[in-house]
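Written out below as structure tokens is the structure these notes cover.
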């Protein structure tokens with residue numbers, strides 16, 4: 001029964017909602033890509049809510065209803081439906097029968113639960129005895145083809161992965177030649193063993209025995225040499241291919257729009273890097289080794305059949321039985337592996353949180369509570385290990401029994417053949433050698449099957465990166481220079497962040513940012529100031545409206561060209577594990593020392609650098625000396641100044657500075673700002689009082705504009721913001 005419902009496994013931790021909707025679409029005979037559904041549900045790094053799933057389902061042609069149901073009411077509804085699970089997950093309920101509940105969990109697989117197991121995870125409020133469900137029913141529009149979601153997106157395939165091997169085809173030919181030579185050398189060994197016994201011992205010819213043993217020694221030397229050479233060639237191929245594959249992946253990552261990285265956690269991206277390495281390991285390790293083993297299996301199988309057909313049939317039958325027994329456990333092992341991943345992930349998260357938050361834990365006397373949470377996860381981990389060990393023992397016991405019975409039976413048949421005169425004693429020893437040689441390939445084949453499943457899952461995850469559209473698609477003509485008119489115009493800009501139910505951050509914004517002038521954006525937190533900067537820098541695309549650079553649409557200008565002309569200091573700017581000099585002149589192998597010194601003076605960093613033991617060559621960042629938040633901001637300002645850009649965008653660039661440093665830097669930057677287009681976001685209004693135009697934002701709308709003096713006279717929103725800071729009185 002469990003296999004009758006279409007199942008897809010979630011690719012990311014936050015993909016459960018989109019994956020549930022994909023399964024229901026497949027149930028109703030439509031195969032829709034996870035990438036398209038993810039867009040419809042507005043999945044972001046914090047996941048998706050039930051409203052987002054509902055809105056996406058209705059866009060696809062479903063009729064939806066979000067309800068809170070009791071267990072009795074749940075039995076009366078039409079299935080499948082989506083359930084809110086454990087208050088932080090989504091699953092599909094697709095059947096209820098005889099008191100059992102069948103769910104498709106995108107994280108763990110198809111599961112059958114008792115009523116108690118089901119309600120423990122579904123009830124949002126135990127005292128209300130009810131849980132949250134999303135009911136879905138297809139409408140006629142669901143079956144109307146929508147070409148947008150069904151377009152095949154070209155991604156990585158096994159054939160494209162194999163193209164990495166093409167440039168090393170000569171080395172691969174050498175590998176196969178080495179394989180052939182090694183197999184021939186191994187093939188001779190059983191015949192030499194037989195000749196020692198049947199000829200050397202029976203005729204009592206010790207010289208013949210010496211000769212054969214010397215031949216075996218030479219074969220061993222040759223076989224070892226071939227094996228060593230083959231290992232070096234394989235290492236050379238695998239390392240080069242691994243570097244090429246990871247480089248191509250990094251190239252692709254760096255071509256993606258910035259919004260992609262806003263929606264993905266570091267763990268998601270790092271997991272895909274690990275997936276890439278797992279695929280490379282599978283292709284260069286498991287695949288080639290299994291291929292070598294198959295050649296040995298094929299050749300020595302013929303040798304076994306040559307010696308005795310009955311023994312060959314026994315071996316073949318036992319091998320089929322052995323393989324079937326192992327494969328019988330694959331599905332259950334896959335389910336356990338998913339559970340292990342989930343529990344281990346929780347364990348790691350809680351452990352890191354315990355270590356990082358020890359100060360808060362002790363300040364709030366919550367040591368015992370937090371330790372109990374950790375101990376609960378350890379109990380779950382122990383139960384998993386018990387179940388995993390039991391499954392492994394069942395699998396190993398059956399496999400060892402089949403293998404041992406096969407060996408005993410082959411020994412008996414070969415011994416009987418010797419007694420009956422159908423096989424010589426040397427032939428029996430040769431048969432035992434051949435059986436040993438073909439046992440190893442069978443074990444490697446089963447490992448290969450498991451690793452292929454892992455690599456296939458990895459390929460699916462990686463394809464999410466390779467199927468993303470580049471930031472600058474090659475089929476578009478991009479303007480490769482910044483227009484002469486460098487004033488910025490925002491026209492009817494509306495924007496909201498991903499997430500169903502989110503209110504617009506900006507509402508119909510119309511704003512002129514004149515060339516060569518300083519424009520300041522002020523307002524309460526959440527009013528949309530930083531969002532305007534990110535839209536100008538093209539982190540995101542506006543939901544409605546356009547941004548113009550003079551008379552040219554900004555989205556027609558090459559991203560690289562635009563960023564080369566902009567210097568931006570963000571609140572969470574990154575400091576690299578490198579020297580101070582390289583952190584200022586990012587991206588330049590040989591920095592211009594005069595420009596570096598000028599940037600240092602503008603950012604008032606002279607004193608800080610003089611204190612360092614190696615001056616500009618002092619390493620800072622994650623691998624070097626720690627720096628304060630104020631020093632970090634001054635370095636970021638110096639980095640922006642070093643670029644010598646035409647456009648300057650500062651997002652709270654001085655909020656961590658003391659009053660003295662802030663005043664010095666503001667005075668320095670007044671000189672630097674001359675002739676440049678500047679946009680400054682600040683909460684400390686003293687930093688924007690000199691601006692040519694101050695724009696006051698409130699709840700995503702512009703409420704006031706003007707100079708500092710004009711706005712103070714109006715005694716409006718700006719006046720209320722600044723009067724406490726600047727002590728303007730009443």
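Residue numbers (the UniProt record's numbering): 1 to 730.
No residue lacks a Cβ here, since even glycine has one placed at the ideal position from N, Cα and C.
Source: prediction; values computed, not measured.
Distance CB(residue i)-CB(residue j) smaller than 8 Å
i: residue 529; j: residue 581; result: no
i: residue 481; j: residue 586; result: no
i: residue 290; j: residue 444; result: yes
i: residue 414; j: residue 438; result: no
i: residue 442; j: residue 321; result: no
i: residue 535; j: residue 702; result: no
i: residue 57; j: residue 136; result: yes
i: residue 638; j: residue 603; result: yes
i: residue 326; j: residue 399; result: yes
i: residue 479; j: residue 557; result: yes
i: residue 486; j: residue 533; result: no
i: residue 573; j: residue 657; result: no
i: residue 354; j: residue 372; result: no
i: residue 629; j: residue 608; result: no
Residue i versus residue j - alpha carbon distance
i: residue 707; j: residue 673; result: 17 Å
i: residue 89; j: residue 368; result: 27 Å
i: residue 296; j: residue 316; result: 15 Å
i: residue 551; j: residue 255; result: 27 Å
i: residue 428; j: residue 207; result: 23 Å
i: residue 714; j: residue 594; result: 45 Å
i: residue 11; j: residue 78; result: 28 Å
i: residue 24; j: residue 627; result: 52 Å
i: residue 129; j: residue 123; result: 6 Å
i: residue 784; j: residue 447; result: Residue 784 is absent from the model: the chain starts at 1 and stops at 730.
i: residue 165; j: residue 612; result: 49 Å
i: residue 273; j: residue 452; result: 17 Å
i: residue 281; j: residue 247; result: 16 Å
i: residue 705; j: residue 259; result: 30 Å
8 Å Cβ shell around residue i - same chain, five flanking residues per side excluded
i: residue 606; result: 600
Beta-carbon contacts of residue i that lie in its chain and below 7 Å, excluding the five residues immediately before and after
i: residue 688; result: 520, 522, 680, 682, 694
i: residue 546; result: 491, 553
Classification of residue i by the beta-carbon crowding that lies within 10 angstroms, buried from 16 upward
i: residue 131; result: buried
i: residue 143; result: exposed
i: residue 590; result: exposed
i: residue 239; result: exposed
i: residue 15; result: buried
i: residue 358; result: exposed
i: residue 774; result: The chain is shown from 1 up to 730; residue 774 falls before or after that span and cannot be answered.
i: residue 328; result: exposed
i: residue 75; result: exposed
i: residue 459; result: buried
i: residue 217; result: exposed
i: residue 84; result: buried
i: residue 379; result: exposed
i: residue 393; result: exposed
Where residue i falls: helix, strand or coil (DSSP)
i: residue 468; result: coil
i: residue 524; result: coil
i: residue 9; result: coil
i: residue 690; result: coil
i: residue 423; result: coil
i: residue 476; result: coil
i: residue 441; result: helix
i: residue 785; result: The structure shown has nothing for residue 785, since the chain only spans 1 to 730.
i: residue 17; result: helix
i: residue 129; result: coil
i: residue 538; result: coil
i: residue 796; result: Since the first residue of the chain shown is 1 and the last is 730, residue 796 is not available in this structure.
i: residue 623; result: Residue placement at residue 623 cannot be trusted, given a pLDDT of 47 that sits under 50; the coordinates are not used to answer.
i: residue 79; result: coil
i: residue 497; result: coil
i: residue 571; result: coil
i: residue 651; result: strand
Contact set for residue i: own chain, Cβ-Cβ below 6 Å, skip 5 residues either direction
i: residue 180; result: none
i: residue 470; result: 255
i: residue 654; result: 662, 687
i: residue 112; result: 100, 102
i: residue 566; result: 645, 647
i: residue 40; result: 56, 59
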